[in-house]
Structures are given as C-alpha cells and as structure tokens.
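The next block holds one structure in the form of structure tokens; read it before the comments.
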Amino acid sequence: MQSTSGRIRHVRAPRPIHFPSEAEVPETKRHLDLRTALYLILKRELAAKAHIGSDQFIYWNARDPRVCLAPDVFVHLGGPDERFDSWKVWERSTPELAVEILSENENWEEKLERYHELGVRELVQFDLTGRVRIWDRVARR
Numbered sequence: 000m001q002s003t004s005g006r007i008r009h010v011r012a013p014r015p016i017h018f019p020s021e022a023e024v025p026e027t028k029r030h031l032d033l034r035t036a037l038y039l040i041l042k043r044e045l046a047a048k049a050h051i052g053s054d055q056f057i058y059w060n061a062r063d064p065r066v067c068l069a070p071d072v073f074v075h076l077g078g079p080d081e082r083f084d085s086w087k088v089w090e091r092s093t094p095e096l097a098v099e100i101l102s103e104n105e106n107w108e109e110k111l112e113r114y115h116e117l118g119v120r121e122l123v124q125f126d127l128t129g130r131v132r133i134w135d136r137v138a139r140r
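At position 91 of the sequence shown the residue is numbered 90 (numbering that gives the first Met the number 0), and the sequence of numbers has no breaks.
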C-alpha cells in the first residue's frame, strides 16, 4: 500500500461505489394516493424549512449500497427543500422523520431494524387497517 517515498500507492485502482437512485417497485393505487397526499401536505407546510423526500433511497453505509431504505415520506429539518435523487446520510445527516405505509406482504420487523440502524428520531407506520404506530428515538434507542 505504501511506497518507500512515503506516498500512498494502491495495489489496484480504487473502484467507485454506485448508489442507485431508483428501482422498479410496484405499488397499489391506494398506496400511491396515500403517499402522494402525505408528501404534498408535508411539502406545502414544511418546504421553507425542511427537505422532504418520498420513495427515494436513504443510504447510511458509505461502503455498501445494499444498506438502504426508501420511506414513503421523510423529512430532514434545515431546508429549504431542494431537488435530490437519493439521500446519503454522510453528506446530509439523518432525516428526523420517516413515514411508512405498510404493504400487505411486507416484513416489518426487518424494516424496523433497518430504521433503528439509520437512526431516524421519529418513525410513523400506517397499516392497512388504518392503525397508526409511532416510534420515538430517546437517548439513542
């Protein structure tokens, strides 16, 4: 790795890591309607002071692009809002709020663990019955 002159010399050239900004994931019309309505409400109310995303990848591990989530809606205070393709925590910090509208066959326990790793302060879940659950991060838990 290091030459005798003290300068760093790579054994092989570093390869850039690609972090995708889109994927094909089907959703029901109901899910689309709910997600879009929530996004538009949050954008109208918070765009002057927060970044608002919807169904965009959030990455929190700069070494592994497979470690990501795409919340139905997320908010990061400290705006104003601007266009972005994906959200990289090491560049922009962790969003304060993430909202998930559950799909019928979704593995929620796995997703909840990923949100814990991400470190969002507030996580809101809507299920198909209309029930709402909220997780609030207190003292890093």
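Each residue gets a CB set at the ideal place from its N, CA and C atoms; glycine is no exception.
Alpha carbon to alpha carbon, what distance is there between residue j and residue i?
i, j, result
"Asp32", "Glu109", "25 Å"
"Gly93", "Tyr114", "A small correction: the amino acid at residue 93 is Thr; Gly does not occupy that position in the sequence shown. Distance between the alpha carbons of Thr93 and Tyr114: 11 Å."
"Ala36", "Arg8", "53 Å"
"Glu81", "Leu117", "22 Å"
"Ala69", "His50", "15 Å"
"His75", "Gly52", "9 Å"
"Asn106", "Asp71", "15 Å"
"Arg136", "Gln124", "14 Å"
"Trp86", "Arg11", "29 Å"
Between residue i and the rest of its own chain, which residues show a CB-CB distance below 7 Å, the 5 nearest in sequence each way excluded?
i, result
"Leu127", "Leu101 and Glu103"
Going by other Cβ atoms of all chains shown within 10 Å of its Cβ, with 16 needed for buried, is residue i buried or exposed?
i, result
"Val131", "exposed"
"Arg34", "buried"
Residues in its own chain within less than 6 Å of residue i by CB, not counting five upstream and five downstream?
i, result
"Lys48", "Gly78"
Does the stretch 12-31 touch the stretch 62-72, meaning 3 or more C-beta pairs lie closer than 8 Å? yes
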